[in-house]
Amino acid sequence: MAETSVIRLSARLQAAAALIPQCSTLFDIGTDHAYLPIYCIQTNRCQHAVASDRREGPLRRATEHIKRYQLVELITTRLADGLSGLNPQADDTVVICGLGGVEMQRILSAGGPVSGTLILQPQKDIRLLRHWLADHGYVFESEYLAEDRNRYYPVMRVRHDGKQHQLTELEAQVGPCLIRTHTPALRCYISRELGKLNKQLTGTPELGPLIDLLNQLMEDNEYVS
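Numbering (the numbering used here), first residue to last: 421 to 645.
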């Protein structure tokens, strides 16, 4: 049965959608169900969308959803690994959600600099990804912290300007934009990150200075909710 209502997104995907600017084509890498492309077409955030995945199963599910929402003419599906065979332009947006930071690095390294806007929502290795982006000419335009099912998901919007940027360890851990927000959600997120880092401290003593910086940040009066 055809659907006519606007598709409902999880809080995590809604946060990613909120950072997507008006664009010509949206490229959703690792699309899975094609929820995000469907939503962005329905809400006029993009004129056309490409739902890409390297696995046939998720791409079949994406195709089924696209047909259900009667958007076959506006959303193209592609069986591809990362950005392979895709050519986003300056007025396009590339979205990668739900993958690890190291996998995102691999995709971006293989595909070369993204000309348009890049929206990323990594599941892990976030500090490493932020450092990599800064080192490879990406500037952070905006970040958002989404809470979904009692988990926090940082979402970032970056753009390639070709200049090498330097992030402190604190900026890479928390986010160069998020660190200035001073919200209760950020305080909860930092507290959870501290818990994870303290568990790693025995085998990775070099994390000590970063943990000290995060504790200092938590003690800052501006972060008291």
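Ideal Cβ positions, reconstructed from N, Cα and C, are used throughout, including at glycine. Values in this document were obtained by computation on a predicted structure and should not be read as measured data.
Query - Residue range of the unbroken alpha helix (DSSP H) whose run includes isoleucine 486 - result: Per DSSP, isoleucine 486 belongs to the alpha helix (DSSP H) from 476 to 488.
Query raised in the report: How big is the Cα-Cα spacing for leucine 634 and isoleucine 610?
Result: 7 Å
Requested in this report: Give the single residue among Ser504, Asp501, His556, Arg428 whose Cα lies nearest to the Cα of valine 578.
Outcome: His556
Report task. Please name the residue in Ala592, Gln593, Cys597, Arg569 whose C-alpha comes closest to that of serine 562. Result -> Cys597
Report task. Would you list the one or two residues that DSSP bridges to isoleucine 440? Result -> DSSP, once it has assigned bridges, lists no residue as partnering isoleucine 440.
Query raised in the report: Ordered along the chain, which non-local residues of its own chain (more than five positions away) have a Cβ less than 7 Å from that of isoleucine 427?
Result: Here the set comprises Tyr455, Ile458, Tyr459, Gln462, Tyr489.
Requested in this report: Taking 8 Å as the cut-off, decide whether the C-beta atoms of arginine 465 and isoleucine 440 are in contact.
Outcome: yes
Query raised in the report: Helix, strand or coil for cysteine 597 per DSSP?
Result: coil
Query raised in the report: Residue range of the alpha helix (DSSP H) that proline 604 falls in?
Result: 604 to 620
Query raised in the report: In its own chain, which residues sit with a C-beta less than 7 Å from the C-beta of asparagine 641, not counting the 5 before and 5 after it?
Result: With a pLDDT of 47 at asparagine 641, under the threshold of 50, the modelled position of that residue is not reliable, and no figure is offered here.
Query raised in the report: With contact counted as at least three CB pairs below 8 Å, one residue from each stretch, are the stretch 440 to 453 and the stretch 510 to 527 in contact?
Result: yes
**Report entry** 8 Å contact criterion, which alanine 431 and tyrosine 564 should meet: CB distance rounded
**Finding:** At roughly 11 Å, the Cβ-Cβ gap does not stay under 8 Å, so alanine 431 and tyrosine 564 are not in contact.
Report task. Kindly give me the distance between the Cβ atoms of tyrosine 573 and glutamine 541, rounded to whole angstroms, as I take these residues to be in contact under 8 Å. Result -> A Cβ-Cβ separation of about 6 Å places tyrosine 573 in contact with glutamine 541 under the 8 Å criterion.
Query - Between the CA atoms of leucine 538 and glycine 502 - distance to the nearest angstrom - result: 13 Å
Report task. Thinking arginine 607 and methionine 638 are a contact (beta carbons under 8 Å), I'd like their distance in whole angstroms, please. Result -> Confirmed, about 7 Å.
Query - Boundaries of the alpha helix (DSSP H) in which histidine 551 is found, first to last residue - result: Judged by DSSP secondary structure, histidine 551 falls within the alpha helix (DSSP H) whose first and last residues are 546 to 555.
Report task. To the nearest angstrom, report how far apart proline 625 and glutamate 589 are at their CA atoms. Result -> 15 Å
Query raised in the report: Mapping DSSP to helix, strand and coil, what is proline 574?
Result: strand
Report task. State the Cα-Cα distance for the pair leucine 499 and glycine 505, rounded to the nearest angstrom. Result -> 10 Å
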